[in-house]
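Trainee:
Residue numbers (the numbering used here), protein chains in the order written: chain W, 2 to 272; chain Y, 2 to 272; chain F, 2 to 272; chain R, 2 to 272.
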């Protein structure tokens with residue numbers, strides 16, 4: 002094997018994932034003097050800097066911790082600030098796949114909230130892609146911006162306080178539109194305008210009533226086909242040898258995913 | 002809006018998605034002389050070439066069809082040849098998210114089968130990434146190669162007939178390892194060797210017994226933490242106004258997703 | 002063991018359950034001259050009469066069949082005529098438990114349809130109980146009557162063509178009320194009148210919109226508390242040794258169960 | 002309406018269900034001097050005795066409580082003592098339906114635990130039926146007995162400390178056998194002996210491994226057909242008008258239900 006197999010080292014400024022056990026896991030900035038306090042012991046980042054990722058480090062107090070490079074879900078679930086209901090990995094994964102987002106994609110998101118989806122999109126579109134993100138609440142935009150900055154992806158997003166019921170202030174059509182709004186039916190004409198033909202609009206909503214109204218508005222507009230609604234459920238298993246079973250508790254509901262594709266309306270676009 | 006909002010036109014050689022209704026949907030190559038025969042009418046690609054994507058085209062027989070640019074799931078579900086059980090979008094989405102794959106990622110897949118996951122990975126790693134794909138069966142590698150070629154992503158993959166129980170013939174460590182094999186427990190040491198520390202191994206398997214054996218082997222090896230098993234269920238809804246309800250039928254099971262992260266073993270790597 | 006362990010014998014007039022394999026199962030009347038024709042062979046009831054229940058009998062054609070005494074679900078799923086959507090065992094079981102029905106209970110059902118729930122109720126209330134069953138369609142009442150007669154429980158039911166939106170023609174209050182109607186919200190006042198205080202009304206409905214309207218009407222009336230809506234899902238497993246897994250297909254939806262308990266309205270009953 | 006519609010009155014010695022709100026619900030014995038203390042106020046049974054069931058009663062502290070006659074699930078979930086994992090209504094309902102239990106049935110249960118299933122069976126078999134219940138732990142038998150006594154159904158059950166791996170000490174064959182044991186595969190021959198031909202054995206178990214072993218043992222014995230395993234999931238909905246949605250949390254797993262029917266083994270019974 003070549004030199005690229007040299008282990009990666011924790012560098013100053015890295016965000017590292019610290020795992021003590023199933024429940025105790027933290028995102029910490031690796032800087033001199035930073036200390037992680039837990040009920041199982043204390044970990045100084047001085048003891049972590051310069052160690053290879055994947056290392057097991059002894060905390061003051063005797064317990065061991067694993068130091069890992071965080072994956073996207075770790076950043077979101079452990080590192081991000083939250084000011085709103087968030088979209089969870091099970092839903093994010095399906096939304097991403099439906100959308101066809103890829104390196105270089107240009108996409109729009111309205112209702113960025115804490116920026117979980119914004120981050121996932123920015124992560125996947127790469128440096129040649131762009132994510133336009135809007136929210137009517139300034140505190141949400143601030144939270145999302147701070148989360149994206151922490152994740153090092155702020156250069157791929159354009160965030161603005163804006164109500165998309167007044168239109169999408171984007172220079173040209175985009176590959177996909179993502180909405181996490183209470184009333185997406187009030188911006189259907191604008192979705193049509195900003196979305197490339199064949200592209201998908203994907204809406205995430207908690208109640209069945211919203212699903213009904215959103216799907217109805219998309220149907221009535223006429224510029225959308227393949228209108229569908231689904232729900233993703235995740236079941237966790239406990240895998241002890243000889244005692245495999247589903248977890249006793251599960252998340253019963255997060256939200257519904259409604260999606261549709263833009264088709265051209267004959268004789269021009271209608272709003 | 003600027004000129005980039007000019008509609009995209011169907012060009013010779015494009016694979017187009019033709020939608021007649023919920024069930025009648027096809028991937029067709031847009032070339033002169035190619036004709037799509039359906040029980041609802043006949044569509045000549047001569048009538049499709051040069052039209053903007055998103056257009057509604059009248060078929061011979063009177064019914065209309067929408068002509069769309071396919072999204073990844075369309076290519077897989079409608080365009081790909083299948084020689085094996087495949088991994089469906091609900092599972093692909095979650096697997097992708099777990100893996101942290103992104104533009105430029107280098108990943109390994111064993112048990113490529115018809116290449117559904119291979120394609121999804123190649124789609125997301127971009128031109129700077131690479132997907133190494135192995136299968137013990139030559140017919141699978143051929144099928145996967147033909148599917149990737151059709152999708153135009155063959156340049157991002159290295160496919161080979163190979164049994165990964167003898168190791169992963171890859172030059173340097175990779176960001177993630179994906180397995181769809183009957184017996185991944187027989188290659189755990191090799192997974193450890195090929196995977197970067199902090200990286201995830203993700204296994205897809207149909208039976209609970211395989212989940213148990215895989216998780217046990219990962220635990221026993223010692224070089225993995227955060228070993229988990231989950232299952233993704235997708236529920237479709239029928240959204241007629243005033244009559245919203247879940248579909249009467251659903252897919253009850255595809256497979257389980259087992260995943261773990263590599264940590265470093267003290268005092269060197271064990272196989 | 003005493004004489005009651007003598008095996009039970011198939012007697013003329015019995016309805017027997019014939020099991021060839023997972024899919025081939027039949028309810029047949031055990032009478033001289035009756036013959037069961039299947040694609041796997043022919044079984045004459047002459048060869049079955051006088052045999053102990055539980056016997057394995059060779060069919061003409063060589064295949065063996067088991068002769069069993071049917072359980073309630075066999076009668077319903079294999080023996081009953083159907084003229085409507087039916088309520089399945091997974092839902093029947095929960096409905097029964099919620100209702101508190103027991104030997105001697107007096108209950109009312111509206112929307113009897115093919116009589117699956119009617120039969121289950123009659124089965125459990127015993128000879129001292131009674132089930133009042135109503136339906137607006139005469140063909141339904143006929144089908145339900147014929148099914149109850151076949152099951153030998155017609156003496157425990159009173160079936161009538163009647164629209165319960167005009168009230169429940171029952172002499173005194175009942176222990177529980179069961180509804181499988183498109184618009185139960187139009188008979189809420191009558192439900193209140195016919196139901197004993199503390200008793201439960203249980204409604205089975207296919208769409209979320211109906212659930213919403215029913216629950217809202219029960220709330221607005223004021224004479225009900227503990228208003229809830231649930232859904233029961235059944236997952237089947239394939240249990241081959243070493244290859245245990247959920248079934249690939251499952252029933253994704255049958256209906257929702259809404260239930261509530263009657264409380265007294267101060268200052269008299271309101272309709 | 003006749004006199005049977007006279008409201009039922011709370012009598013001394015009754016167990017009543019007191020409902021304050023969704024979470025605050027209690028089973029209390031209605032006797033002079035008994036007082037229910039809650040964080041929302043105090044309810045004296047002196048104020049409840051003689052009131053009609055269904056009444057709304059003001060507590061000291063100002064909050065109102067509904068006084069209802071308990072249904073079986075209330076007794077179990079609120080009134081019973083628990084010394085073990087219990088079987089929940091969603092599973093009890095389906096188990097009951099599968100078993101064909103009815104007024105007059107004679108059944109056997111092993112692993113009675115806290116007596117939830119024992120009670121449900123006793124409730125449905127009526128005064129002419131009987132439930133034989135066994136457990137290896139004396140504390141369980143005591144708990145179950147106390148719960149059945151509280152429910153007023155002790156006359157229908159015969160409880161004993163006994164290990165059914167040594168056989169079922171029952172005088173004659175029974176209509177159904179229920180098991181909630183860690184290792185039912187060790188008593189398969191005895192199940193065959195005690196169960197009537199055509200009757201069902203129903204096993205409740207938490208892990209997939211137990212399901213596999215139980216089903217395998219039933220297959221190998223040869224005296225059982227129609228061996229199946231299922232799981233029941235219950236999903237609760239929040240039904241606020243205009244905001245209908247599934248609950249955020251749900252019970253992800255209680256147990257699996259394995260069931261089979263006894264058929265006769267040619268040439269006598271084997272153990």
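The C-beta atom is built at its ideal place from N, Cα and C for all residues, glycine as well.
Can you pull the chain F neighbours of residue 209 of chain W, defined as C-beta to C-beta under 7 Å?
Mentor: Correct list: 209.
Trainee: Checking 9 Å against the spacing of the C-beta atoms, do residue 228 of chain Y and residue 227 of chain W come in under that value?
Mentor: Result no, Cβ atoms of residue 228 of chain Y and residue 227 of chain W do not sit closer than 9 Å.
Trainee: Using the C-alpha atoms, what's the distance from residue 173 of chain W back to residue 28 of chain W?
Mentor: Approximately 37 Å between the Cα atoms of the pair.
Trainee: Comparing alpha-carbon positions, which option in Y:94, Y:133, Y:211 lies nearest residue 185 of chain Y?
Mentor: Per the Cα distances, Y:211.
Trainee: Quickly, what does DSSP pair residue 18 of chain W with across the bridge? List them, please.
Mentor: Bridge partners of residue 18 of chain W: W:28, W:69.
Trainee: For residue 87 of chain R, which residues in chain W fall below 9 Å Cβ to Cβ?
Mentor: Within chain W, no residue comes near residue 87 of chain R; the closest Cβ sits about 13 Å away, beyond 9 Å.
Trainee: What residues from chain R crowd round residue 191 of chain W, counting only those whose CB sits closer than 8 Å?
Mentor: Near residue 191 of chain W there are no residues of chain R at all, since even the closest Cβ is about 24 Å away, more than 8 Å.
Trainee: In this structure, does DSSP put residue 60 of chain Y in helix, strand or coil?
Mentor: Coil.
Trainee: By the DSSP assignment, the alpha helix (DSSP H) with residue 190 of chain W in it spans what residues?
Mentor: Note, residue 190 of chain W: alpha helix (DSSP H), 189-195.
Trainee: To the nearest whole angstrom, what separates the beta carbons of residue 109 of chain Y and residue 178 of chain Y, a pair I think is in contact under 8 Å?
Mentor: About 5 Å; that satisfies the 8 Å criterion.
Trainee: Taking DSSP as the reference, what is the three-state secondary structure of residue 250 of chain Y?
Mentor: Reduced to three states, the DSSP call for residue 250 of chain Y is strand.
Trainee: Going along chain F in order, which residues have a C-beta closer than 9 Å to the C-beta of residue 90 of chain Y?
Mentor: Within chain F, no residue comes near residue 90 of chain Y; the closest Cβ sits about 16 Å away, beyond 9 Å.
Trainee: Since residue 113 of chain W and residue 160 of chain W are thought to touch, with beta carbons under 8 Å apart, how far apart are those beta carbons, to the nearest angstrom?
Mentor: Residue 113 of chain W to residue 160 of chain W, Cβ: 7 Å. Contact.
Trainee: Determine, using beta-carbon pairs with one atom in the segment 234-252 of chain F and one in the segment 242-258 of chain Y, whether at least three such pairs fall under 8 Å.
Mentor: Yes, the segment 234-252 of chain F is in contact with the segment 242-258 of chain Y.
Trainee: Taking its Cβ as the centre, do 16 or more other Cβ atoms sit within 10 Å of residue 13 of chain F, making it buried, or is it exposed?
Mentor: Residue 13 of chain F comes out exposed.
Trainee: Which bits of chain F does residue 247 of chain Y rub up against, with CB to CB less than 9 Å?
Mentor: Those are 209, 232, 253, 254, listed as they occur along chain F.
Trainee: Locate the beta strand (DSSP E) running through residue 241 of chain Y, then write down its first and last residues.
Mentor: It spans 225-241 - the beta strand (DSSP E) in which residue 241 of chain Y sits, taken as one unbroken run.
Trainee: Report the rounded CA-to-CA distance for residue 64 of chain F versus residue 76 of chain F, giving the unit in angstroms.
Mentor: Their Cα atoms are separated by approximately 23 Å.
Trainee: Three-state secondary structure (DSSP) at residue 244 of chain W?
Mentor: Three-state result, residue 244 of chain W: strand.
Trainee: Please check if any C-beta of chain R sits within less than 9 Å of the C-beta of residue 244 of chain W.
Mentor: At least one chain R Cβ lies under 9 Å of residue 244 of chain W.
Trainee: Nearest to residue 242 of chain F by CA position, among Y:219, Y:208, Y:263, is which residue?
Mentor: The shortest Cα separation from residue 242 of chain F among Y:219, Y:208, Y:263 belongs to Y:208.
Trainee: Between residue 134 of chain Y and residue 81 of chain Y, is the Cβ-Cβ spacing less than 9 Å?
Mentor: No, the pair does not count as a contact, with Cβ atoms beyond the cut-off.
Trainee: Go through its chain and collect everything with a Cβ distance to residue 222 of chain F's Cβ below 6 Å, but skip five positions before and after it.
Mentor: If we look at residue 222 of chain F and ignore the five residues flanking it on each side, its Cβ neighbours are 189.
Trainee: Could you check how far apart the C-beta atoms of residue 124 of chain W and residue 103 of chain Y are, in whole angstroms? I think they sit under 8 Å.
Mentor: Rounded, the Cβ-Cβ distance is 6 Å, consistent with contact.
Trainee: Can you tell me which of W:237, W:213, W:261, W:259 puts its alpha carbon nearest to the alpha carbon of residue 244 of chain Y?
Mentor: When each option's Cα is compared against that of residue 244 of chain Y, the closest is W:213.
Trainee: Give the interface partners of residue 204 of chain R over in chain F, defined as CB-CB distance under 7 Å, in chain order.
Mentor: Under the 7 Å cutoff, chain F gives no residues; its nearest Cβ is about 12 Å from residue 204 of chain R.
Trainee: For residue 236 of chain Y, go through chain F and note every residue whose CB falls closer than 9 Å to its CB, in chain order.
Mentor: By Cβ distance, chain F contributes 253, 254.
Trainee: Could you have a look at residue 44 of chain Y and say whether DSSP puts it in helix, strand or coil?
Mentor: Of the three classes helix, strand and coil, the one that applies to residue 44 of chain Y here is strand, per DSSP.
Trainee: Beta-carbon of residue 250 of chain W versus every beta-carbon of chain R: anything under 9 Å?
Mentor: True, the Cβ-Cβ gap to chain R drops below 9 Å.
Trainee: When the Cβ atoms of the segment 259-269 of chain W are set against those of the segment 24-42 of chain Y, are three or more pairs found closer than 8 Å?
Mentor: No: fewer than three Cβ pairs fall under 8 Å.
Trainee: Any beta carbon from chain F within less than 9 Å of residue 267 of chain W's own beta carbon?
Mentor: So no, residue 267 of chain W is outside the interface.
Trainee: Looking at chain F, which residues of the segment 32-60 of chain R have a Cβ within less than 8 Å of any of its Cβ atoms?
Mentor: Answer in chain order: 53, 54, 55, 56, 57.
Trainee: Under 9 Å, Cβ to Cβ, is there at least one residue of chain R near residue 258 of chain Y?
Mentor: No, its Cβ sits nowhere closer than 9 Å to a Cβ of chain R.
Trainee: Among residues of its own chain, excluding the 5 on either side of residue 147 of chain Y, which ones have a beta-carbon nearer than 7 Å to its beta-carbon?
Mentor: Closer than 7 Å at Cβ, skipping near neighbours: 82.
Trainee: Please state whether the Cβ-Cβ distance between residue 120 of chain W and residue 149 of chain W is less than 9 Å.
Mentor: Closer than 9 Å, so yes.
Trainee: Mind pulling the chain F residues with CB within less than 7 Å of residue 217 of chain R?
Mentor: Those are 242, listed as they occur along chain F.
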